[in-house]
Amino acid sequence: MSAQAPYGATQGVGYQDPAAAPLDEKSDKSVRQDSTQDVESGELVNGGKPKDLEKVDSETITIHEGEAKFKRLGWVKLTVCMIVEAIALGSLSIPSAFAAVGMIGGVILCVSLGLISIYTSYLVGQVKLKYPNVTHYAEAVGLIGGRVGFEITSVMFILVLVLLLGSHALTGTIAWVSIVSDPTVCALVFSVVSAILIFILALPPSFEEFAWLGYVDFVSILAAIFITVVATGVQAAGQPGGLAAVPWSAYPPPGMTFYQAFEATTNIVLAYSFAICQFSFMDEMAVPKDYIKSIWALGLIEIFIYTVTGALIYAFVGPTVRSPALLSAGSTVARVAFGVALPVIFISGSINGVVAGRYILRRAFPHGTIQYVNTLKGWLVWVPLIGLQVLVAWIIAEAIPFFNALLGLISSLFISGFSYYFPAMFWWFLLKEGAWNKDWRNISLTIVNAAVFIIGMAILGCGTYANVQDIVDQYAQGKVRSSFACEQSAYS
């Protein structure tokens, strides 16, 4: 397939070294064409002179500065951004997945899905290198599916990111309820505070700027995990019989249904869903080919954190481990752990708004200066755009009483594509060189990508069934909270 421009991609916006390269030629040409059109249309000012040539020069400089601003991301900060996107408080839901599938199953899932995610992320990066005009995931799918594929994936892309925003706002509410522990305060107050914090943290428009928050985010989640592991370990050691008395199992517990086990599996799938934002992050890299360092660093860090966290906490707590696991550490420790985890809750949530905002802005203003958010006009568009996203996400999260199950459903429907079957399709249609049976390498990769595609389809079908069944069971058992609930018990 030729390197055609993808649907929705801004034409001519590839990497150029800001220190050495002049203004992107097509951007400059676009500006000059605008000025020519002003002259041809007869729009004259200042006594017959063409319309404000100084304005054209000013726009040229603004575009040049904007291109430079959004091409400064190095591989270390790319790793940090991907950590922010991938490793959030959801990592403390992994122990409950271990309780559902057993110790052996949990370890196998964490390691195998981690390695597959590294591979599919590698494929995503290769597409970006081959088609540098691709700036977001939907544009890559557009190379295969045309306009229809582009538009459908755009909706999937924005919907997942907005729902993740809402999920973090909801998690923030749960954290505040646990920390403050004052039943007289309406839970919606904490919900609004959470939404405001996410809005403020989502204001930096470039990922290079946002990466500085990522260091705080990473320290926050590591500290929360450490506190939870130590607290549950101390509790287990102090009970009669010590650690040996904890009834953890190497295999799924008796009576575990298929849908319950697969629902737990989708928690691990969601924990490895960093490929969805990879195109967006790589578009700001100074040296895009360095992404390989980032995905290996992130992938190995995730595999280690998820496997060790899941195994240790499950071994310390057993089948009664809650999700997130810090709720199993006792009320006092849970309050401390939630307090330490506040930065990761809000920072990891806000980056989804930045990614969605960058996509919307670039699509709405593909050739203007607004997309660079380095002018007053740019900020006047960017700030309300972030605010609107957070508001919509907050309303959805509070209005839908089974929101967490809905998020699991959406993850099964969409993350299965972004992390599994779309990358496999990228190899078949965009990256494969020659016939599938050309040589041993192509035959091997055909088998590997067919397996990845099947895994994605299995997650799509089985995960959807599991989460729909969970919603049905929640209603049947009366576990569904009311919309915009004020009672704190609804969030505990």
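Numbered per the UniProt record's numbering, the sequence shown finishes at 492, counting up by one with no gaps. Even for Gly, the Cβ is constructed at its ideal location relative to N, Cα and C.
Contact under 7 Å by Cβ, residue i with residue j
{"i": "L298", "j": "S411", "result": "no"}
{"i": "T171", "j": "A329", "result": "no"}
{"i": "L165", "j": "G353", "result": "yes"}
{"i": "A195", "j": "A169", "result": "yes"}
{"i": "I174", "j": "F346", "result": "no"}
{"i": "V452", "j": "Y420", "result": "yes"}
{"i": "Y137", "j": "F279", "result": "yes"}
{"i": "F98", "j": "G255", "result": "no"}
{"i": "G357", "j": "L385", "result": "yes"}
{"i": "W248", "j": "Y314", "result": "yes"}
{"i": "F402", "j": "I471", "result": "yes"}
{"i": "E263", "j": "G114", "result": "no"}
{"i": "P423", "j": "V111", "result": "no"}
Per-residue burial, residue i [other beta carbons within 10 Å of its own, 16 or more giving buried]
{"i": "V127", "result": "buried"}
{"i": "N374", "result": "buried"}
{"i": "Q477", "result": "exposed"}
{"i": "E25", "result": "Residue confidence for E25 is low, a pLDDT of 39 falling below 50, so the modelled location carries little weight and cannot support an answer."}
{"i": "Y251", "result": "exposed"}
{"i": "Y131", "result": "buried"}
{"i": "T120", "result": "buried"}
{"i": "K77", "result": "buried"}
{"i": "D439", "result": "exposed"}
{"i": "N133", "result": "buried"}
{"i": "K71", "result": "buried"}
{"i": "W75", "result": "buried"}
{"i": "E54", "result": "Low local confidence applies: a pLDDT of 49 at E54 is under 50, so the model's placement there is unreliable, and no value is given."}
{"i": "S489", "result": "exposed"}
{"i": "G48", "result": "Residue placement at G48 is flagged as unreliable, the pLDDT there being 46, under the threshold of 50; a coordinate-derived value is accordingly withheld."}
{"i": "S273", "result": "buried"}
{"i": "F207", "result": "buried"}
Residue-level contact to chain B via CB, residue i, 7 Å cutoff
{"i": "T464", "result": "The structure shown contains no chain B; it holds only a single protein chain."}
Residue nearest to residue i in terms of C-alpha spacing, selected from the options
{"i": "V333", "options": "S178, I152, I108", "result": "S178"}
{"i": "K432", "options": "F422, T446, Y420", "result": "T446"}
{"i": "T257", "options": "Y491, I471, A466", "result": "A466"}
{"i": "V189", "options": "D439, E398, A451, V468", "result": "E398"}
{"i": "G318", "options": "K71, P288, S96", "result": "S96"}
{"i": "C277", "options": "F218, M82, A202", "result": "M82"}
{"i": "M425", "options": "W440, S112, I396, M457", "result": "M457"}
{"i": "V355", "options": "S117, L159, E151, G90", "result": "L159"}
{"i": "V344", "options": "A86, F418, V321", "result": "A86"}
{"i": "W394", "options": "I459, L129, V193, L92", "result": "V193"}
{"i": "I268", "options": "V336, E487, T307", "result": "T307"}
{"i": "F338", "options": "Y359, W176, V162", "result": "W176"}
{"i": "A275", "options": "I295, Y215, S444, F365", "result": "I295"}
{"i": "S191", "options": "I396, A435, S444", "result": "I396"}
{"i": "F418", "options": "S220, A245, S489, E139", "result": "E139"}
{"i": "T265", "options": "Y475, I471, I455", "result": "I455"}
{"i": "P253", "options": "I104, Y475, T184", "result": "I104"}
{"i": "A236", "options": "L73, V321, I221", "result": "V321"}
{"i": "S416", "options": "S117, V84, L89", "result": "S117"}
Residue i: first and last residue of the uninterrupted alpha helix (DSSP H) it sits in
{"i": "I415", "result": "Run containing I415: none; DSSP gives neither H nor E here."}
{"i": "G238", "result": "207 to 238"}
{"i": "N449", "result": "440 to 476"}
{"i": "Y259", "result": "258 to 271"}
{"i": "P423", "result": "422 to 426"}
{"i": "M82", "result": "75 to 86"}
{"i": "Q389", "result": "376 to 399"}
{"i": "M282", "result": "278 to 282"}
{"i": "residue 538", "result": "No statement about residue 538 is possible, as the shown extent of the chain runs from 1 to 492 and does not include it."}
{"i": "S411", "result": "S411 -> no alpha helix (DSSP H), and no H or E assigned at all."}
{"i": "S191", "result": "187 to 201"}
Residue i beta carbon near the ligand SAM (any heavy atom closer than 6 Å)
{"i": "L407", "result": "With respect to the ligand SAM, the structure shown offers nothing to examine, as it has no ligands at all."}
### Message
Please give the ranges of any alpha helix (DSSP H) in the region 89 to 167, keeping only runs that are unbroken, at least 4 residues long and fully inside the region.
### Response
94 to 130
### Message
Report the start-end ranges of each alpha helix (DSSP H) in the region 293 to 321 that is 4 residues or longer and not cut off at the edges.
### Response
none
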